[in-house]
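The working numbering applies: residue 581 is where the sequence shown begins, and numbers increase by one.
First comes the structure, then the notes that go with it.
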Amino acid sequence: MSQSMNAKPLPPAFHIYANFHSEDLGALGETESNLSHDISLGGDWPERTEINLHTSTRLLANASSFENSQACILLPSCSGSGADREPLYASHHATGSPFTFAIESGPGRRREAFEWRCSDGPNSPSQNTNDPEYELVRIATDTPSGLARAWAPGDATSSDGKEVVARITYLVRRDPELLAFKFLGTGVSGALGERWSVMAAATALSLWDYERRLAGKGFDLTREWPYMIDSLVIPPDTDDCES
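Encoded structure:
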């Protein structure tokens, strides 16, 4: 996996749009007429998916489907060559269970933990209750590592008082829009760094695939055939991404 940090940064808020005329999933951008990144599919679709986030010249991340209670995100290695495997864990079956990951954050590149949690609070941007929503919660409460400027957490908070640094809404039956993503507070300020923002977007893609499976339907790229999955069974946790 080639080094991709310092590629075109992700917009502070964006949508992912389906491309029904291509084998690729679609594109990412602030609007459908202002696209900045591509989303392509790999793996054995639709049973097991790999979703690639990239520009025209650089691969930013590869996000896998959930298997054995985790998805695997491939990012360019911090060492400058090869790829780092970063797991995204599904905690358990209960409704509202968080999905957790850790990633180097801030100028000091300290590893921090984050959780995607189901969101149904009063600040939820969606007016459609059928649209699944998640908020990304920063577990740490101190200044991001290595940040030299003044810092204060954003206003959006979780039920336990942690800062919400991003929010995603999966748009049900909103062709061609698949999901809406917005960085918030410390997330939109850039204080957590580009590697963190790419990881946040890549995990959102894995969660989109999770919701697609959980809803009991596949995503029909050609609209020519249905693919039904009755339920998603999550086995017990494993420790690391499979090699």
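From the three backbone atoms N, C-alpha and C, an ideal C-beta is built for every residue, glycine too.
Nothing here was measured: the structure is a model prediction, and the numbers come from that model.
**Asked** Roughly how many whole angstroms lie between the Cα atoms of A681 and N614?
**Response** Going by the sequence as given, residue 681 is Phe instead of Ala. In this structure, the alpha-carbon of F681 lies about 30 Å from that of N614.
**Request:** Could you pull the start and end residues of the beta strand (DSSP E) that L639 belongs to?
**Result:** That run of the beta strand (DSSP E) goes 639-644.
**Request:** Identify every residue that forms a DSSP beta bridge with S620.
**Result:** In the DSSP output, where bridge partners are listed per residue, S620 has N632.
**Asked** Should K742 be labelled buried (16 or more other beta-carbon atoms within 10 Å of its own) or exposed?
**Response** Residue burial is scored here from C-beta neighbours: K742 has at least 16 other C-beta atoms within 10 angstroms and is therefore classed as buried.
**Message:** From the DSSP secondary-structure annotation, give me the bridge partner or partners of V717.
**Reply:** In DSSP, V717 forms a bridge with E695, V744.
**Item:** Status (buried if at least 16 other CB within 10 Å, exposed otherwise) for N648
**Value:** N648 comes out exposed.
**Message:** Just to confirm my understanding: we take A760, look at its own chain, exclude 5 residues before and 5 after, and list those with CB closer than 6 Å. What are they?
**Reply:** H595, T749, listed in sequence order.
**Request:** Could you tell me how far apart the beta carbons of L621 and L605 are, in whole angstroms, since I believe they sit closer than 8 Å?
**Result:** The pair is a contact, with the Cβ atoms about 5 Å apart (cut-off 8 Å).
**Request:** Answer yes if the region 766-777 comes into contact with the region 716-734, meaning at least three C-beta pairs across the two stretches below 8 Å, and no otherwise.
**Result:** Yes, the region 716-734 is in contact with the region 766-777.
**Item:** Three-state secondary structure assigned by DSSP to T680
**Value:** Three-state DSSP puts T680 in a strand.
**Request:** Below 8 Å on the Cβ atoms is my guess for A782 versus G767; work out the distance and round it to an integer in Å.
**Result:** Not confirmed; about 14 Å, so no contact.
**Message:** Judging by CA-CA distance, which residue of T637, F646, R697, A730 is the nearest neighbour of I719?
**Reply:** Among T637, F646, R697, A730, the Cα nearest to that of I719 is on R697.
**Message:** Cutting at 6 Å between CB atoms, please list the residues of its own chain near A643, excluding the five before and the five after it.
**Reply:** The answer, listed in chain order, is I631, I653, A782, L785, S786.
**Message:** According to DSSP, A782 sits in a beta bridge with which residue or residues?
**Reply:** Residue pairing by DSSP leaves A782 without any beta bridge partner.
**Item:** Segment limits, beta strand (DSSP E) that includes T737
**Value:** Element bounds for T737: n/a, residue is neither H nor E.
**Asked** From what residue to what residue does the alpha helix (DSSP H) around T723 run?
**Response** Per DSSP, T723 belongs to no alpha helix (DSSP H) and is neither H nor E.
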